[in-house]
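Structure, as structure tokens:
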Amino acid sequence: MPESSGFYYPNRIARAFFVAMDEVMGVGVARNVLQAAGLDEYINNYPPDDMNRQFDFANLAAFTVGLEKLYGVRGGLGLAMSIGRVAFAKGLQDFGAMRGVKHPAFQSLPLDKQIEIGLQGLATIFTNFSDQETFIESQSDSYLVHVHNSPFAWGHQQDYPVCHTLTGLLQESLNYTTNGKPTFVREIECGATGADHCIFKVKILNDGHA
Ligand SMILES: [Zn+2]
């Protein structure tokens with residue numbers, strides 16, 4: 103059991119990561135990852151589906167370590183991104199802030215507006231319901247997603263960014279808001295490498311290239 107961070111996700115968002123892990127890896131393998139992460143107490147005992155802020159960020163940081171322990175840095179990265187993508191679909195796209203996205207009025211907006219509003223919706227969910235404060239910054243050709251207190255970087259020191267789960271989650275949120283238009287997401291700064299906070303760059307891909 104990792105030492106507490108003092109920062110929390112609501113149970114519903116945390117639960118989405120567990121459900122996603124089962125879907126991406128299968129229940130048996132997911133159990134191995136939980137054991138490798140020191141999260142045995144959550145085996146067959148996922149967080150409840152409610153909005154209480156009770157799921158410690160330290161557990162999500164441990165989960166990243168568990169994936170790397172079993173699959174190495176590269177394998178862990180791919181799995182974490184897949185888990186993030188499924189977690190968005192399972193746990194976040196039904197929040198009120200994301201619901202307007204499927205409305206015809208939203209669908210007729212220009213692509214850059216769709217992306218901006220979609221990212222703002224996601225940022226609002228994290229900032230309002232969890233201790234992961236998230237802000238969107240518009241740039242001329244891209245958006246920056248600023249994440250303070252990334253759960254996946256909490257307590258980590260690495261020479262590379264570690265928040266692949268959030269990268270995957272952002273990718274799937276963009277896929278959802280734009281109806282599958284090609285976009286590019288990369289974590290360009292990470293708290294784990296000594297940066298003040300994590301920053302993800304989001305670009306629209308017009309020709310298949312960033
Ligand atoms: Zn990070």
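Be aware that the sequence shown starts at 103, since it is given in the working numbering, and climbs by one per residue.
In this text, a Cβ means the ideal position worked out from N, Cα and C, and glycines have one as well.
Of the choices the options, whose alpha-carbon is the least far from that of residue i?
i    : options                   : result
M153 : V247, R114 and F228       : R114
A160 : H205, D214, G257 and L272 : G257
S242 : N281, R176, E218 and V175 : E218
E239 : K215, D261 and M183       : K215
N134 : L172, Q156 and A116       : L172
Q273 : G186, S210 and E235       : G186
S184 : M127, D261, H205 and L211 : M127
Only counting the same chain, and skipping five residues up and downstream in sequence, which positions put a Cβ closer than 7 angstroms to that of residue i?
i    : result
F254 : L162, A163, T166, V264, C265, T267 and L268
E125 : V188
Q259 : A294
I213 : At residue 213 the sequence reads Leu, which differs from the Ile that was named. Taken in chain order, the residues that qualify are T280, K283 and I306.
G310 : Here the model assigns G310 a pLDDT of 47, short of 50, so the residue's position is not dependable, and the following value carries that caveat. Excluding residues within five positions, the ones whose Cβ falls inside 7 angstroms are P284.
F237 : A225 and H248
Could you check what DSSP says for residue i in three-state terms: helix, strand or coil?
i    : result
I217 : helix
I145 : coil
D158 : strand
F286 : strand
T279 : helix
E274 : helix
E105 : coil
H248 : strand
Y111 : strand
F190 : helix
S240 : strand
V304 : strand
Under a Cβ-count criterion, where at least 16 other Cβ atoms within 10 Å of its own Cβ denotes burial, should residue i be classed as buried or exposed?
i    : result
V129 : exposed
D158 : buried
E105 : exposed
Y278 : buried
G177 : exposed
Ordered along the chain, which non-local residues of its own chain (more than five positions away) have a Cβ less than 6 angstroms from that of residue i?
i    : result
D233 : F109, Y110 and N251
Y144 : L136
M200 : G223
P150 : N113
K96  : Look at the range of the chain in this structure, 103 to 312, and you will see that residue 96 is not part of it.
I96  : Shown here, the chain extends from 103 to 312; a query on residue 96 therefore has no answer.
A132 : M123 and D124
S107 : D158, F159, A160 and W256
A116 : P149 and F157
F208 : G202
Give me, in chain order, the residues of the same chain whose beta-carbon lies closer than 8 angstroms to that of residue i; leave out the 5 immediate sequence neighbours on both sides.
i    : result
A297 : E291
L179 : H266
Can you give the beta carbon distance from residue i to residue j, rounded, assuming they're within the 8 angstroms contact cut?
i    : j    : result
L181 : L169 : 6 angstroms
S275 : G202 : That belief does not hold up - the Cβ atoms of S275 and G202 are roughly 13 angstroms apart, past 8 angstroms.
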